[in-house]
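Beneath this line is the structure, given in structure tokens, with notes to follow.
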Amino acid sequence: MSELAVRTLTGLILIVAALLVAFQGGYLLAVVVAGIATLMFYEWTRLTRGWGAAWYVGGFVYALLPALALLWIRERSGIELLLWAFIVTWSTDIGAYFAGRRFGRRKLAPSISPGKTVEGLYGGIAAATLLGGAWAYATHLGVALFALAPILAIAAQAGDLFESAIKRRAGVKDSGAWLPGHGGVLDRLDGLVPVAVLTAAAQLLGLT
123 MSELAVRTLT
133 GLILIVAALL
143 VAFQGGYLLA
153 VVVAGIATLM
163 FYEWTRLTRG
173 WGAAWYVGGF
183 VYALLPALAL
193 LWIRERSGIE
203 LLLWAFIVTW
213 STDIGAYFAG
223 RRFGRRKLAP
233 SISPGKTVEG
243 LYGGIAAATL
253 LGGAWAYATH
263 LGVALFALAP
273 ILAIAAQAGD
283 LFESAIKRRA
293 GVKDSGAWLP
303 GHGGVLDRLD
313 GLVPVAVLTA
323 AAQLLGLT
């Protein structure tokens with residue numbers, strides 16, 4: 123099976139699992155989110171071992187904040203806003219991947235992640251804006267999300283680059299080997315971290 127096929131199959135399984143847990147909500151969502159946050163923190167401590175206490179504390183916050191944000195969004199705003207955050211994150215990742223493969227010419231951040239391109243960034247922003255906007259319109263989430271979708275797409279890409287910079291410093295390709303075609307949990311969720319936190323912040327500010 124090709125790398126793209128493995129990546130696609132794993133991604134589809136993860137999306138289906140995330141949707142099932144999100145729709146169930148409640149105790150199941152809390153347990154799953156807590157488990158994932160624990161894995162994120164475990165991978166972070168492996169990557170940053172020996173870097174000092176500040177990195178250890180930073181990793182705890184990095185894993186905890188998005189976990190709390192996702193639970194807050196589901197509890198306070200319901201499934202629609204949570205799915206919007208997922209859609210923006212996933213469409214950014216998928217749009218950037220395929221746009222980069224098809225049109226990528228200019229390197230986005232060659233010293234951090236040589237595979238990422240400016241064209242991929244644009245593709246991710248376009249996909250998130252279209253799909254996130256369509257979902258916001260269909261579920262009446264509010265016009266503010268039409269403007270927030272491209273901003274959060276950029277945040278998702280920044281989260282990806284941040285994690286790539288940490289891996290480069292640690293001298294590893296992936297944060298783990300749990301997910302075939304994707305690497306570790308941090309590799310899969312680096313974009314969701316800022317999107318979840320910023321979506322919860324928008325909800326607190328009354329923008330959703």
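Everything in the sequence shown is counted per this note's numbering, starting at 123 for the first residue and increasing by one. Glycine included, each C-beta is placed from N, C-alpha and C at the ideal position. The structure presented is a predicted model; accordingly, all values stated were derived computationally and were not measured.
Here's the rule: buried if 16 or more other CB atoms are within 10 angstroms of the residue's CB, otherwise exposed. What is residue i?
| i | result |
| --- | --- |
| VAL155 | buried |
| ARG196 | buried |
| ILE247 | buried |
| PHE163 | buried |
| TYR259 | exposed |
| SER213 | buried |
| GLY293 | exposed |
| GLY172 | exposed |
| ILE209 | buried |
| GLN131 | Note that residue 131 is Leu in the sequence shown, not Gln. Its Cβ having fewer than 16 others within 10 Å, LEU131 is exposed. |
Going along the chain, which residues of its own chain have a beta-carbon closer than 6 Å to the beta-carbon of residue i, five neighbours each way excluded?
| i | result |
| --- | --- |
| ILE288 | LEU169 |
| ASP296 | GLY305, GLY306, ASP309 |
Taking residue i as part of the alpha helix (DSSP H), name the residues at either end of that continuous run.
| i | result |
| --- | --- |
| SER213 | 201-225 |
| THR321 | 314-326 |
| ALA156 | 148-169 |
| LYS295 | Counting along the chain, LYS295 falls outside any alpha helix (DSSP H), and DSSP gives it neither H nor E. |
| VAL87 | As displayed, the chain neither begins before 123 nor continues past 330, which places residue 87 out of reach and without an answer. |
Residue i to residue j, Cα distance in whole Å?
| i | j | result |
| --- | --- | --- |
| ALA175 | ARG224 | 42 Å |
| VAL128 | PRO302 | 7 Å |
| ALA327 | THR321 | Checking the sequence, you will find Leu at residue 327 rather than Ala. In a straight line, the C-alpha of LEU327 is about 10 Å away from that of THR321. |
| SER286 | VAL179 | 19 Å |
| ALA207 | LEU186 | 17 Å |
| THR330 | GLY133 | 28 Å |
| THR167 | VAL183 | 12 Å |
| ALA277 | ALA318 | 10 Å |
| ASP215 | GLN279 | 8 Å |
| GLY254 | ARG227 | 26 Å |
| SER199 | LEU252 | 22 Å |
| TYR219 | LEU243 | 9 Å |
Report all residues from its chain with a CB closer than 7 Å to the CB of residue i; omit the five preceding and five following residues, and keep chain order.
| i | result |
| --- | --- |
| ALA159 | ALA185, LEU186, ALA189 |
| VAL143 | LEU150, LEU151, VAL154 |
| ARG290 | ILE234 |
With a cut-off of 8 Å on the beta carbons, I'd call residue i and residue j a contact; round off their distance for me.
| i | j | result |
| --- | --- | --- |
| ALA231 | LEU314 | With a Cβ gap of about 20 Å, ALA231 and LEU314 do not count as contacting. |
| PHE145 | ILE201 | 6 Å |
| GLY245 | GLY281 | Not really, about 17 Å apart at Cβ, beyond 8 Å. |
| PRO272 | ALA250 | 6 Å |
| ALA324 | LEU270 | 6 Å |
Please list the terminal residues of the continuous beta strand (DSSP E) segment that includes residue i.
| i | result |
| --- | --- |
| GLY242 | Not the beta strand (DSSP E): GLY242 falls in the alpha helix (DSSP H), residues 240-261. |
| ALA231 | 229-231 |
Who are the Cβ neighbours of residue i in its own chain at under 8 Å, not counting the five residues just before and after it?
| i | result |
| --- | --- |
| LYS229 | PRO236, LYS238, THR239, VAL240 |
| LEU193 | LEU151, ALA152, VAL155 |
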